Amino acid sequence: MIKKQMIRLPEDFLPDHIIILRQIRFPNYTNAVIIPQYFEYKYGVDGKKVIGILIELRYAIECNAKDSLPILNVDQIKRILKTNKQK
356 MIKKQMIRLP
366 EDFLPDHIII
376 LRQIRFPNYT
386 NAVIIPQYFE
396 YKYGVDGKKV
406 IGILIELRYA
416 IECNAKDSLP
426 ILNVDQIKRI
436 LKTNKQK
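Letter by letter, the sequence shown follows residues 356 to 442 in my numbering.
Given below as structure tokens:
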């Protein structure tokens, strides 16, 4: 792992926490999204582990289907319905 990626920021975060926070803030990020492998080999980021830490620290939340509806756009809802064989 790159040494500079191990230097903690003033908030006690590692740079990988910030990288993942930036990634999950996009509206198209869902539980089905797989964090790209380059995060691991370029930044040394274990995406699932970091997301777990961010949820535990309440910097991120995991929404259930009902809670996430207002966040989703029409195309995303259509895709979910189609995937689950709904009209």
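Just so you know, even glycine gets a beta-carbon here, dropped at the ideal spot from N, CA and C. Just so we're clear, the structure is a prediction, and the values are computed from it rather than from any experiment.
Please report the distance separating the alpha-carbon of aspartate 367 from that of arginine 413.
14 Å
Do we get a CB-CB distance below 9 Å when we pair glutamine 441 with the residues of chain D?
Included in the structure is just one protein chain, with no chain D present.
Which runs of the alpha helix (DSSP H) fall wholly inside the region 366 to 433 and span at least 4 residues, in chain order?
370 to 379, 392 to 398, 402 to 411 and 420 to 423
Give every residue of the same chain whose Cβ lies closer than 8 Å to the Cβ of glutamate 395, excluding the five residues on either side of it in the sequence, and list them in chain order.
Asp401 and Gly402
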